[in-house]
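Working notes for the structure below.
Number of protein chains: 2
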Amino acid sequence: MINVTLKQFRYFDALARTGHFGRAADACAISQPALSMQIKELEDALGTQLFERSARSVHLTPLGEDLAARVREILRAVDEIGDLARADDERLVGRFRIGVIPTVAPYLIPRVMQGLAADHPDLDIYIRETVTPKLIGELSEGRLDAAILALPASEPGLSEEALFDEDFVLIRPTTEASAPVPSKEGLRTMRLLLLEEGHCFRDQALSFCDIRTAQPREMLDGSSLSTLVQMVSVGIGVTLLPEMALAVETRSADVAVQRFPKPQPSRTIGMVWRKSSPLTSQLRQLADLVKATAA
Amino acid sequence: MINVTLKQFRYFDALARTGHFGRAADACAISQPALSMQIKELEDALGTQLFERSARSVHLTPLGEDLAARVREILRAVDEIGDLARADDERLVGRFRIGVIPTVAPYLIPRVMQGLAADHPDLDIYIRETVTPKLIGELSEGRLDAAILALPASEPGLSEEALFDEDFVLIRPTTEASAPVPSKEGLRTMRLLLLEEGHCFRDQALSFCDIRTAQPREMLDGSSLSTLVQMVSVGIGVTLLPEMALAVETRSADVAVQRFPKPQPSRTIGMVWRKSSPLTSQLRQLADLVKATAA
DNA sequence: TTACATTGATAAGATTTTCTGATGATAAAC
DNA sequence: GTTTATCATCAGAAAATCTTATCAATGTAA
């Protein structure tokens, strides 16, 4: 019966991920010496070296690599015990870690949080904003409880629940406000500003225009929808916006908004979570609340 | 990230098994209040009741039942991490928990321990002596590292390695010392003294005599081979002994020893362990040492 | 080469956690 | 009604863990 602690495992995991004592300590919200000591304790308890400390870098030994995977599995199982206990109480309380794609988060989350704060004071929502593949990964690893993204996620281990549909609209410089709405083909000839690689909204827009990512075009990549709209307003090109972003992003920017004729391009935003999550019932409740807020 | 500790899990497991705060505390080598407090901490951290404390008994709530299984799985995984780290060092050191059946343990283990003590000072062998089904169970649960028992164990998840064969010999009162060796059939008409239900040696002896356990006979059950031999010496009946027990058990007892004609009844004693054990290499080394000692 | 910056280890003292032993409360058993 | 068994609570002691300050080693830039 070896004398290790979960605390050591958590620190170990952090150090394995960051490869840096200082940053790992930050991630664990402790001082660097405290982390150093616990890592040392762990290595002593196991009787082996887990990390190779070279002058400028810290990385796992082969054995450490192996153990890191197991430790992660254990931490997941422990957290699941917490979830399971929490799920015993059917009410919607406690902490939920929700991942949201960047083209949804800024427009949806504030409203959701506002709505929840009133009715569910014991609810503690932590939002992580990043692109779909990362969300799926962290969800599967058990580092997130749920994610809000464009459906379908098409992951066998995940449950999906649709929240709402949103159309895409065209954003042009005001100088072109009275020009006719371009066809898909017309759009392809314009200078289309899009989010950088990795964002699903980029792919959705390209797909609408029937553009292969393979054939590179003269497009500027922006890191946020806000940036794109600013660029449109100074006449650099045109862009698409999901409906939900419209109000916020065009409020102060001087641009023209045009809707496409039907069938309008659109996407379905939904919530996903691990099928195996003990919190399924709570997550479904949460999805319903978000759905109500979005409507 | 819920704030529970492995210590709490170990205490929880002990309490779940014993259903008694005092005994669980003993098992964990701490005082009863310490255990009470940690269980309370755990229940608080999880926000639920894990045990129902009625006046005269402590038992798991339905949720506790569920969590207990998971906690055991986690503890197993943690211990396996220890094993894995230890296995990194190919040498035969550290603690091994070995289960041995009662008809082998007293005759084999002292010799083995003596042999090991000299050559492997850093080896820490803990012996658990009980019947085969319990050994198999504890082995599978990860509460033992290996077991020494009569082959075949016939468990899909276990590796087997034969250690030695031993014949069975007949023990009779000295008054019958010059009587001819009875046939199997003759044996069936005698008053055969055997170990109580559960011991594999009992079944092996019955099997040799072609006696179904179904048809009950007038046999006295003893709890140790030593008891059986004592009973033979005062003329109550006859018994069989595995060869290895012969020297010890007939040293002081006044009984006659007779060997059966070939093919003599016999059994194969071997060592088994989980196929998945990280310590496989060490366990094989250990088996070889035991084999050498027994020879 | 020297000064400097970065990074992990170490040390000392403070804080927090955990444990023990004594005692209390409750309910069953005699 | 007293005794017994059992778990909870309390106070103080012991152990662990943490923080701040500092050191040592290594690489980088002047």
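Here the protein sequences line up with chains R and A, keeping their order.
The working numbering numbers the first residue of the first sequence as 44 and each following residue consecutively.
The working numbering numbers the first residue of the second sequence as 44 and each following residue consecutively.
A virtual CB, placed ideally from N, CA and C, is assigned to each residue, including glycine.
TODO: Sort K50/A, E203/A, L238/A by Cα distance to D122/A and report the nearest one.
DONE: That would be K50/A, whose Cα lies nearest to the Cα of D122/A.
Open item on the list: I'd like to know if T61/A contacts chain R, where contact means its C-beta is closer than 9 Å to some C-beta of that chain.
Closed with: No, T61/A does not count as interfacial toward chain R.
Task: Reference G125/A, options L103/A, G185/A, P285/A, closest by Cα - done: Comparing Cα positions, the closest option is G185/A.
- [ ] Using a threshold of 9 Å, state whether the C-beta atoms of S276/A and D297/A are closer than that.
- [x] Contact annotation: S276/A and D297/A have beta-carbon atoms nearer than 9 Å.
TODO: Look at the alpha carbon of F94/R and the alpha carbon of Y54/A, and state the distance between them as a whole number of angstroms.
DONE: Taking the straight line from one Cα to the other gives about 31 Å.
- [ ] Using 10 angstroms around the beta-carbon of M287/R, count the other beta-carbons present and answer buried if the total reaches 16, otherwise exposed.
- [x] The residue is buried, with at least 16 neighbouring Cβ atoms inside 10 Å.
Task: Spatially closest choice to V174/A from A196/A, F251/A, I168/A, by CA coordinates - done: Of the candidates A196/A, F251/A, I168/A, the one whose C-alpha sits nearest the C-alpha of V174/A is A196/A.
Open item on the list: Can you check whether the C-beta of S324/R is within less than 9 Å of a C-beta belonging to chain A?
Closed with: Chain A, which has no Cβ nearer than 9 Å to the Cβ of S324/R, makes this no.
- [ ] With a cut-off of 8 Å on the beta carbons, I'd call L329/R and F139/R a contact; round off their distance for me.
- [x] The Cβ separation is near 7 Å, so the contact holds.
TODO: Would you tell me roughly how many angstroms separate the C-alpha atoms of E292/A and I214/A, rounded to the nearest one?
DONE: So the alpha carbons of these two residues sit roughly 10 Å apart.
Task: Simplified DSSP assignment, three categories, for R231/R - done: It is helical.
- [ ] Can you pull the chain R residues whose beta carbon is under 8 Å from the beta carbon of I124/A, in chain order?
- [x] Counting only Cβ-Cβ distances below 8 Å, I124/A has contacts in chain R at I45, V47, L89, L110, R113, V114, I117, in chain order.
Open item on the list: Can you list, in chain order, the residues of its chain with a C-beta nearer than 8 Å to that of Q258/A? Leave out the 5 residues immediately preceding and following it.
Closed with: With a pLDDT of 47 at Q258/A, under the threshold of 50, the modelled position of that residue is not reliable, and no figure is offered here.
TODO: Using the Cα positions of R99/A and G107/A, report the straight-line distance between them to the nearest angstrom.
DONE: Answer to the nearest angstrom: the Cα atoms are 19 Å apart.
Open item on the list: Comparing C-alpha positions only, which one of D165/R, G90/R, R234/R sits nearest to I45/R?
Closed with: Closest by alpha carbon: G90/R.
TODO: Could you check the C-alpha separation between I170/A and L326/A for me, to the nearest Å?
DONE: Distance between the alpha carbons of I170/A and L326/A: 14 Å.
Task: Nearest neighbour of D165/R, chosen from G142/R, V101/R, L135/R, L322/R [CA to CA] - done: D165/R has its Cα closest to that of L135/R, out of G142/R, V101/R, L135/R, L322/R.
- [ ] For A248/A, name the three-state secondary structure that DSSP assigns.
- [x] DSSP places A248/A in helix when its eight states are reduced to three.
Open item on the list: At 4 residues or longer, what runs of the alpha helix (DSSP H) sit wholly inside the stretch 64-88 of chain A?
Closed with: Counting whole runs of 4 or more residues, the stretch 64-88 of chain A contains the alpha helix (DSSP H) stretches 64-71.
- [ ] Take K318/R and list the residues in its own chain whose beta-carbon comes closer than 7 Å to its own, dropping the five residues that flank it on each side.
- [x] Excluding five sequence positions before and after K318/R, the CB atoms of its chain that fall closer than 7 Å to its own CB belong to G200, L201, S202, given in chain order.
- [ ] Under 8 Å by Cβ, that's how I've got V281/R and R234/R pegged, so tell me the actual separation to the nearest angstrom.
- [x] Cβ-Cβ separation between V281/R and R234/R: approximately 7 Å, consistent with a contact (criterion under 8 Å).
TODO: Would you mind listing the alpha helix (DSSP H) stretches within the stretch 141-174 of chain A that are 4+ residues and don't spill past its ends, in chain order?
DONE: As far as the stretch 141-174 of chain A is concerned, its whole alpha helix (DSSP H) runs of at least 4 residues are 148-162.
Open item on the list: Going by DSSP in three states, F55/R sits in which element: helix, strand or coil?
Closed with: Helix, per DSSP.
TODO: Could you name the residues that DSSP lists as bridge partners for F94/R?
DONE: In the DSSP output, where bridge partners are listed per residue, F94/R has L103/R.
TODO: Indicate whether at least one CB of chain A lies closer than 9 Å to the CB of L271/R.
DONE: Closer than 9 Å: no.
Task: Under 8 Å by beta carbon: chain A residues contacting L127/R - done: Annotation: Cβ neighbours of L127/R in chain A (cutoff 8 Å, chain order): L106, D109, L110, R113.
TODO: Report, in whole angstroms, the separation of the C-beta atoms of T336/R and D208/R, which I expect to be a contact under 8 Å.
DONE: With 8 Å as the limit, T336/R and D208/R do not qualify as a contact, their Cβ atoms being about 15 Å apart.
TODO: Taking the CB atoms as reference points, tell me whether E172/R and P153/R lie closer together than 9 Å.
DONE: No, these two residues do not count as a Cβ contact at 9 Å.
Task: Contact set between the stretch 181-195 of chain R and chain A, restricted to residues whose Cβ is under 8 Å from the partner - done: Residues: none.
TODO: Please confirm whether W316/R and A190/R have their CB atoms less than 9 Å apart.
DONE: Going by C-beta atoms, W316/R is nearer than 9 Å to A190/R.
Open item on the list: Runs of 4 residues minimum, wholly inside the stretch 256-314 of chain A: which ones carry the alpha helix (DSSP H) assignment?
Closed with: As far as the stretch 256-314 of chain A is concerned, its whole alpha helix (DSSP H) runs of at least 4 residues are 268-276, 286-294.
TODO: State the DSSP-derived secondary structure class of V136/A, mapped to helix, strand or coil.
DONE: Coil at V136/A, not helix or strand.
- [ ] Excluding the 5 residues preceding and the 5 following A222/A in the sequence, name in chain order all residues of the same chain whose CB lies nearer than 8 Å to its CB.
- [x] For A222/A, where only same-chain residues beyond five positions count, the Cβ hits under 8 Å are R215.
Task: As assigned by DSSP and simplified to three states, the class of L187/R - done: Correct three-state label for L187/R: coil.
- [ ] Verify whether the separation of the beta carbon atoms of V47/R and L85/R is less than 9 Å.
- [x] With contacts defined as CB atoms closer than 9 Å, V47/R and L85/R qualify as a contacting pair.
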